[in-house]
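Q:
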Amino acid sequence: MKVKQILTGVELVIADLEVELNGELRASHTLCALLKDDQGKEVVIPLNTPDGRPIFMNPENAIAEGSVNH
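Letter 56 of the sequence shown, counting from 1, is numbered 55 in numbering that gives the first Met the number 0, and no numbers are missing.
Shown next, in the form of structure tokens:
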């Protein structure tokens with residue numbers, strides 16, 4: 000394994016995310032990357048699943064700016 004690039008402008012945060020699973024609303028603390036998208040809008044990208052399993056940082060999983068509360 001090797002480091003190809005160090006990303007700048009990315010902040011690691013713990014976000015309290017809420018998701019509907021099987022018709023039930025659930026919340027969990029989730030490790031996320033906080034960064035700006037191509038349009039300069041702040042987005043949150045979860046880095047693990049609600050049960051704690053790690054996932055790749057994928058822009059398709061981004062949560063829109065309007066959903067971000069500091």
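Every residue gets a Cβ at the ideal spot worked out from N, C-alpha and C, and that includes glycine.
#1: Measure the alpha-carbon distance for P49 versus T29 and round it to whole angstroms.
#2: When the Cα atoms are used, what is the spatial distance from C31 to E17?
#3: Closest to I62 by CA distance: which of R52, V42 and V12 is it?
A: Quick answer:
#1: One-based indexing of the sequence shown puts residue 49 at position 50. One-based indexing of the sequence shown puts residue 29 at position 30. Distance between the alpha carbons of P49 and T29 is about 7 Å.
#2: Numbered from 1 along the sequence shown, position 32 holds the residue referred to as residue 31. Numbered from 1 along the sequence shown, position 18 holds the residue referred to as residue 17. Approximately 13 Å between the Cα atoms of the pair.
#3: What you label residue 62 is simply residue 63 of the sequence shown in a count that begins at 1. Comparing Cα positions, the closest option is V42.
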